[in-house]
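Chains as they are written, first to last, in the numbering used here: chain H, 579 to 1169; chain L, 579 to 1169.
Where is the CB? At the ideal position from N, CA and C, for every residue including glycine.
This is the structure:
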């Protein structure tokens, strides 16, 4: 049996020289270990996703080919499979094939081109790639026959996907006519809710169905709002998992019998998610969500040359969760939490913010806002008087003003430090209904929780308090009080208005989001749906209709904000991140 | 000869009910005029571009088909050609064909599906559409034979595009085997620099080459950062233009001999642009640029329910041009210009801002910033002292702070007014090198000049002063002084630092942008290129290298900002707007 290396590397899109260095290092290491075959992920030389980079940086096309030649020269006593963007050099075709080069004896001996090109959600293969139309090739190596596939080529199995097959052909079925004993799948597959379950079940079922071994090599890394989890692995011909590489980091795994260590994955990551059911526990998805966000933060900061983060600490849920995540990703010494109380900030909130910072051991500052607000008031009152209105005190203007002054302070602090990014702490539930403030809590160099809903953040908070080495870092009060921006006072109660008073219960909102994203529910479907919230709070049809209408109306008005969310991490199965979902700002439809 | 209507409508993506109403109105009007045939643009019923809207608003798919049936019922004494998204209902295919329905006698008698699917630049047809693979159909009407094409189907003529043909087949060549006397092209084609020349030359050459009449019906409207100019027209079989509809507005043109009024287009719009040559006059493109921006502003505001705009007036070029454009698009009574001088703002700038506002007759306010800056200083100094540094006074922090306080004031003013948007006044040259401030001049609800370079803005300013009914609205000083943000003082000169001191001459920068965007130049090409600037300012290789390096380095760092540019108008032949160009934030390449 051949000795095989799964080279789970983390390339950077377009950075041919560094990617090539990484590939050669892995080849050399594999050779030192007397491996027969080393396998790299899809597009490992060009990096993925590379977008339109080659259009304005044409030289990378040739530089990539030269690098590929250089890499092949290193394969003197080993076989290597390296993903790259193969130019078609044909004006009638797309610029590239999505190919893997098979290298041996210092030469490229074969090229296998991807056949099935995904062009939905975050995938845009058909913008760049020409589909291969011939049957995938077989690599024969020391008597073993390997069938080579590129990512999506493995995702059209009729017995697995049934009526959800979206392509006309199944490359695996065709390649099986050439009698491979092992299938190799070079991939770039991001981590999202429920996806690991599908991949695991699919690969296992293919291995079993055809009685072949199945080797999956996936990229590790973050790019363009997507986290690639790695988690490369091998299944034997009974469909049993026999080896699994690390998740959310690079790995170099060597095996001479297709077996090896089965590394842990975040708890529950491979559980099936029933997208037709909603609950606020998100049990199987919390460990993975945590891991993917930590990884995304680390990667974004490191790849862009940042080391430090500054965020506002309000004593509320969003900023507290962000603080924990940043602390775990960057180290407590690299995180600055700034409490910026206004006159209406409660003592509880101030205390909670400070306790959290102390618990985490991050840097902590308090900068009261009152004076800044006071100076803006007369400036603005003049403007309002002159042009329209004197209702300044009563409007949302002052609420937004507080949020914008806070962001101004954070950006100023980041300005003064080298390698520091201000953090946008707004969450997904708020993004949907536009409850975050432009130039306020929506603003920052990075938005760690922009794809996490409020109820999931509560669950994540409890998870963090239970599962981090340091228990209960987040004060219990933060996980119990109703969320609210503390931007205005309810004159009836004398207390700050909580978000649910202004919008609708988050439990209800998040269930709408869940079914709109995951089940394609429209207005009527939602109206006919039995919400979890209704089980403990019976609702009239009128109330329910009002909330659903409010969701559509508010999200219609919020679409503009979706387009200016800072770089973030897509982690749910579906999102409103523009890397995936494209909603025209002008559409007027809201159902 | 048939009496034909070119129904140049302005649909809204996904808004089936309103689009359908518009279509029926045009059909009724055509019937009243005893027309035989009424032709609508590509995808006129669904609206274009509709993005992923149908994924989360599934009901529009069926609602569109019902609307199509209703429309067809109106064609009792007329033939209509209506573009729509035809569901494939086939899991193995893309969700739709990009089709036009031919309706007659109250029924759909034929459906023609688009064959060539553009999937580059702003086009993503292959994400949504399945290509048609059969020869386009002929419509026979009162003895005339019409060949029907959908947009790109007309864009693969070998004798015109030569080696730039990007598809394998030419639908026109094939349809000609069926002997049509007239070709009909239903389109959604946006206006960009140099594009009208290509379309005019192409359509004319096709008409002449095949000896057929050629009817082009294009959408008018703005959506998703793109302006569709309409400018529908007819060519006779000699390739001569015989009719032209209006540009940048809806139109309803009726003709019974394929001839009619040749409406004016913006001066120079159909001139050939030599993309291998750069000059700072932009002569043939100024009238079109002006028209497309005005149209884009009008459309965005109206379609989103806004009527008023507020912008900062610095007395500089960017904000002055924006003020003129907003004034012409929205009416002077709907524009608020706010002068927000800081202590270092020169009297000249203050005066120029005020004179401009008076000239235009827009609302004008002055809100000095000094107090606000003074209140932030101790707040921030405390933060800096505690965590890192006391260099606040010396850094860019205070420069950005000024810009951010200004934006905060503008957003607050827009908060107080109904239907008012704050305006981001930053330009394309600044966007490239990241010279605009996040949450500052980059921030707003709309960015009118985000795709116009600085030298083009100077040319546009001169054009506006000469060509608007009101001459010289922009004070001459604004068009003559070197651009600068007036955010800091040069200690040597005691004057505010101008932008070119900090970056490089705009003439040089804009020529880099021109060749990178339009000719695919890389680092070496630029270094070998003779810049216009060099003709009057000889440069050493070292200086030139430094500037080109600076361009790459700064634009690499600015990519993050490209992703959060507010809704804008793409008007140049190429842009960095994410509707068109996709540059990964993480790439590390800068050559």
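Check	Outcome
Looking only at C-alpha atoms, which of H/841, H/992, H/865, H/761 sits nearest to residue 815 of chain H?	H/761
Could you spell out the range, first to last residue, of the beta strand (DSSP E) harbouring residue 681 of chain L?	674-682
For chain H, find out if any of its Cβ atoms is closer than 8 Å to the Cβ of residue 773 of chain L; answer yes or no.	no
Are residue 887 of chain L and residue 726 of chain L closer than 8 Å when you measure CB to CB?	no
What residues in the stretch 937-962 of chain H have a beta carbon less than 7 Å from any beta carbon of chain L?	941, 943, 945, 949, 950, 953, 954, 957, 958, 960, 961, 962
Does the CB of residue 592 of chain L have a neighbour CB from chain H at under 8 Å?	yes
Beta carbon of residue 1027 of chain H, beta carbon of residue 1135 of chain H: below 8 Å?	no
Go ahead and pull the three-state DSSP assignment for residue 628 of chain H.	coil
Is the shortest distance between the beta-carbon of residue 1028 of chain L and the beta-carbons of chain H less than 8 Å?	no
Buried or exposed: which applies to residue 1120 of chain H, given that a residue is buried once 16 or more other Cβ atoms fall within 10 Å of its Cβ?	exposed
Please name the residue or residues paired with residue 806 of chain H in a DSSP beta bridge.	H/768, H/799
If distances are taken between C-alpha atoms only, which option among H/1104, H/1042, H/1138 comes closest to residue 861 of chain H?	H/1042
With a 10 Å radius around its C-beta and 16 neighbouring C-beta atoms as the bar for buried, classify residue 837 of chain H as buried or exposed.	exposed
For residue 986 of chain H, would you say it is in contact with chain L, using Cβ-to-Cβ distances shorter than 8 Å as the test?	yes
I'd like to check one pair, residue 891 of chain H with residue 934 of chain H: are the Cβ atoms closer than 8 Å?	yes
Relative to the alpha-carbon of residue 920 of chain H, which residue among H/1074, H/711, H/596 has its alpha-carbon at the smallest distance?	H/1074
Measure the beta-carbon distance from residue 930 of chain L to residue 893 of chain L and round it to whole angstroms, keeping in mind my assumption that it falls under 8 Å.	4 Å
Are the CB atoms of residue 1021 of chain L and residue 1017 of chain H within a distance shorter than 8 Å?	yes
Using 8 Å as the threshold, is the C-beta distance between residue 874 of chain H and residue 1160 of chain L below it?	no
Just to confirm the assignment: which complete beta strand (DSSP E) runs, minimum length 3, are found wholly within the stretch 813-850 of chain L?	819-822, 829-833
Opposite residue 661 of chain L in the DSSP bridges: which residues?	L/678
So, helix, strand or coil for residue 1047 of chain H, using DSSP?	coil
Is there at least one Cβ from chain L nearer than 8 Å to residue 989 of chain H's Cβ?	yes
If you check the beta carbons only, do residue 1030 of chain H and residue 858 of chain H fall under 8 Å apart?	no
With a threshold of 8 Å between beta-carbons, can residue 1117 of chain H be considered close to chain L, or not?	no
The ligand FAD and residue 599 of chain L: does the residue's C-beta get closer than 7 Å to at least one heavy atom of that ligand?	The ligand FAD is not part of this structure, which contains no ligands at all.
Please report the straight-line C-alpha distance between residue 728 of chain H and residue 620 of chain H, rounded to a whole angstrom.	6 Å
If we count Cβ pairs, one from each stretch, closer than 8 Å, do we get three or more for the stretch 951-963 of chain H versus the stretch 837-848 of chain H?	no
Where does the unbroken alpha helix (DSSP H) through residue 1086 of chain H begin, and where does it stop?	1084-1097
Please identify, using Cβ separations under 7 Å, the residues of the stretch 1073-1101 of chain H that lie next to chain L, in order along the chain.	1094, 1098, 1100
Would residue 781 of chain L and residue 794 of chain L qualify as a contact pair, given that the criterion is a beta-carbon distance under 8 Å?	yes
From residue 774 of chain H to residue 823 of chain H, what distance separates their C-alpha atoms?	14 Å
If we count the other Cβ atoms within 10 Å of its Cβ and call it buried at 16 or more, is residue 1064 of chain H buried or exposed?	buried
Would you give the residue range spanned by the alpha helix (DSSP H) that residue 908 of chain L belongs to?	895-908
Determine the contact status of residue 580 of chain L and residue 589 of chain L, defining contact as a CB-CB distance below 8 Å.	no
So for residue 1137 of chain H, helix, strand or coil by DSSP?	helix
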